[in-house]
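Here the structure comes first, spelled out in structure tokens, and everything after it is commentary.
In the working numbering, the protein residues as written are 123 to 692.
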């Protein structure tokens, strides 16, 4: 047993060193964001190679930074800003990159932003990490027969789940367009919001499931399985036929419509309403945050009494400054015209279509979920939609194309272990590809300003270097989590009919607020050894899971893994 333990630890340490090899040389760290006493925020960024740098932050837009010639550090002071979480990035010579000094970022299929957390006084914000019992967040990998490959989901279980045999209701919560399944955890802070509400006696204990809303992206490139023509069909088939049965087989859930809720933000709100209204035999609590859905769902809108009788909570919220406000308002007016009761809530001053609104709406609706008295009272007080002013921005295909332009495909897997990498940097004079354990590779630029190179895959992690500045691949949603320059993970999904039950990675929050993770073996009898894996300095415990996939390595083996950051007291 000791030999096996040492072998696993040695192999993992070697792999970790290889993945972290091409990082920038370590420098004395500094705070890249400082919240000042007057509520303004000063941003700091060091880059001796950049000719121009801007900071783009949600509360202030894009602003120029000034370089100090002595230190080489670029700075800008913006605001003041209200306490909340704000995405931001640096724009270096026209290319958006994450803050290399910030270890928190916005998980996304495309853009890569860092996260600025401005705390409220005394931890007063609803998403703050407060001194209350904390639930766990489980990273699950499940086999989808719909897709013919594996899919992912996150599952929150409240603090009471580990100390009781009770079954709980389930809230399925879906993120927006180009978001990954992690966003309601990493940005939406759904776990801390519910922890706080439960501790205050304002919300029921419940399980929350975070699906991945764009499963077509998981299909191997060149696959003949294409997304269904009607939005939500491919997601809906995987969700109803694969994910829900998996959750109900592996968690203590109450499996009836009175104990299931579905909600989501942006595209996820559309998917939640569409799948919820299409399956009122399965769901009775429906929430849409900054969205709307189709008006032609059979048997729903033209049967108002039956529909109203089936829905305990029909809640829709949106900001009046959201680009979807006009279309969302039209949908609310449509519901009124059909005689379908829906709660309508509007905000201003939260920067429109943002996760500030998503967190706020979540805090507003959670107290009503699985609470028949509270939901009935709210539904009885529902008001009609506001009248149109004529100034609402129409949501058109052109708006969608502007917000979500056609993505550049990178990495593109070509077969025979060949991979093409692409990166847009129109003004760059040189772009290099850095991969594990190999020398930098020159890339070439086309007339559209897109640099590319095709190579044989030789590593796990990679990044680009444009005119001396390192950056992750903005088109790759698989990220290596560390405290320095972020890198992308080379990850290719494959079609398979081999069904393996991988043990989940469970994220925990210690009493001191420190995060760590545990991987528990399943179906193992006898002695179980605990192995603590501490991330290398400058990295993060997520590297053990997302880069090295240790849960797959120990599947079926008598090891309990505890994954921590460097210097952890866990």
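Positions of the beta carbon are idealized from the N, C-alpha and C atoms, including for glycine.
Bridge partners - residue i, DSSP secondary structure assignment
i	result
residue 207	239
residue 567	573
residue 610	584 and 601
residue 735	The question about residue 735 has no answer here: the residues shown for the chain are numbered 123 through 692.
residue 178	184 and 211
residue 224	In DSSP, residue 224 forms no bridge with anything.
residue 332	276
residue 513	Beta-bridge pairing links residue 513 to no other residue.
residue 386	296 and 410
residue 189	196
Helix, strand or coil at residue i [DSSP, three-state]
i	result
residue 284	helix
residue 674	helix
residue 381	helix
residue 495	helix
residue 540	strand
residue 683	strand
residue 446	coil
residue 622	coil
residue 637	strand
residue 163	strand
residue 407	strand
residue 454	helix
residue 557	strand
residue 693	Since the first residue shown for the chain is 123 and the last is 692, residue 693 is missing from the structure and cannot be characterised.
residue 157	strand
residue 661	strand
residue 171	coil
residue 75	Given a span of 123 to 692 for the chain in the structure shown, any question on residue 75 remains unanswerable.
residue 438	strand
residue 357	helix
residue 549	coil
residue 363	helix
Cβ shell of residue i (< 7 Å), same chain only, five flanking positions each side left out
i	result
residue 546	530, 571 and 572
residue 405	379, 382, 383, 384 and 398
residue 157	163 and 240
residue 343	534 and 535
residue 494	434
residue 174	215
Cβ shell of residue i (< 6 Å), same chain only, five flanking positions each side left out
i	result
residue 353	Residue confidence for residue 353 is low, a pLDDT of 37 falling below 50, so the modelled location carries little weight and cannot support an answer.
residue 170	194
residue 657	663, 665, 687 and 688
Contact test: residue i Cβ vs the ligand PLP heavy atom, cutoff 8 Å
i	result
residue 199	This structure simply doesn't include the ligand PLP, nor any ligand for that matter.
Extent of the continuous alpha helix (DSSP H) to which residue i belongs
i	result
residue 480	477-487
residue 430	426-432
residue 307	305-308
residue 532	Note, residue 532: premise wrong, no alpha helix (DSSP H); not H, not E.
residue 400	389-400
residue 525	519-525
Cutoff 8 Å; reference residue i; Cβ partners in own chain excluding five residues on either side
i	result
residue 475	388, 412, 441, 444, 445 and 446
residue 311	207, 249 and 481
residue 644	623 and 625
residue 251	245, 314, 631 and 635
residue 517	445, 446, 448 and 449
residue 131	Any answer about residue 131 is weak, because its pLDDT of 45 lies below 50 and its placement is not dependable; what the coordinates show is given next. Around residue 131: 653 and 655.
residue 289	374, 375 and 376
residue 283	257, 258, 290, 327, 329 and 374
The beta strand (DSSP E) enclosing residue i, as first and last residue numbers
i	result
residue 185	183-186
residue 586	583-588
residue 314	Per DSSP, residue 314 belongs to no beta strand (DSSP E); it is in the alpha helix (DSSP H), 312-321.
residue 195	195-200
residue 292	292-296
residue 668	Unbroken run through residue 668 is the alpha helix (DSSP H), 664-668; no beta strand (DSSP E).
residue 254	Taken as a continuous stretch (DSSP letters only), residue 254 belongs to no beta strand (DSSP E), as it is neither H nor E.
residue 655	651-656
residue 465	465-469
residue 369	Not the beta strand (DSSP E): residue 369 falls in the alpha helix (DSSP H), residues 366-372.
residue 422	No beta strand (DSSP E) holds residue 422; DSSP gives it neither H nor E.
(message) Is it the case that the region 382-393 contacts the region 330-339, given that we only count it when at least three CB pairs across the two stretches are under 8 Å?
(response) Result yes; three or more Cβ-Cβ pairs closer than 8 Å.
>> Count Cβ pairs between the region 234-250 and the region 623-636 that sit closer than 8 Å; are there 3 or more?
In response: No: fewer than three Cβ pairs fall under 8 Å.
Discussion item. For the pair the region 429-439 and the region 475-494, tell me if three or more CB-CB distances fall below 8 Å.
Written reply: In short, these stretches touch, since the Cβ pair count reaches three.
With a threshold of 8 Å, are at least 3 pairs of Cβ atoms found where one atom belongs to the region 446-460 and the other to the region 485-502?
The way I'd put it, the region 446-460 doesn't touch the region 485-502; fewer than three beta-carbon pairs between them come closer than 8 Å.
Within 8 Å, do at least three Cβ pairs link the region 259-276 to the region 362-374? Yes, the region 362-374 is in contact with the region 259-276.
Notebook entry, point to check: Should the region 658-665 be called in touch with the region 608-619, which here means at least 3 C-beta pairs below 8 Å?
Noted result: Under the 8 Å Cβ criterion, the region 658-665 does not count as touching the region 608-619, having fewer than three qualifying pairs.
| Counting Cβ pairs closer than 8 Å, one from the region 573-591 and one from the region 553-561, do we hit at least three? | By the C-beta criterion, the region 573-591 is judged to be in contact with the region 553-561, since at least 3 inter-stretch pairs fall below 8 Å.
* Asked: Between the region 221-229 and the region 182-201, do at least 3 Cβ pairs fall closer than 8 Å?
  -> Judged by Cβ distances under 8 Å, the region 221-229 makes no contact with the region 182-201, as fewer than three pairs qualify.
| query | Do three or more CB pairs link the region 453-465 to the region 418-434 at distances below 8 Å? | reply | Yes: at least three Cβ pairs fall under 8 Å.
- Task: For the region 230-239 and the region 270-281, state whether three or more C-beta atom pairs, one from each stretch, are separated by less than 8 Å.
- Result: These segments do not touch.
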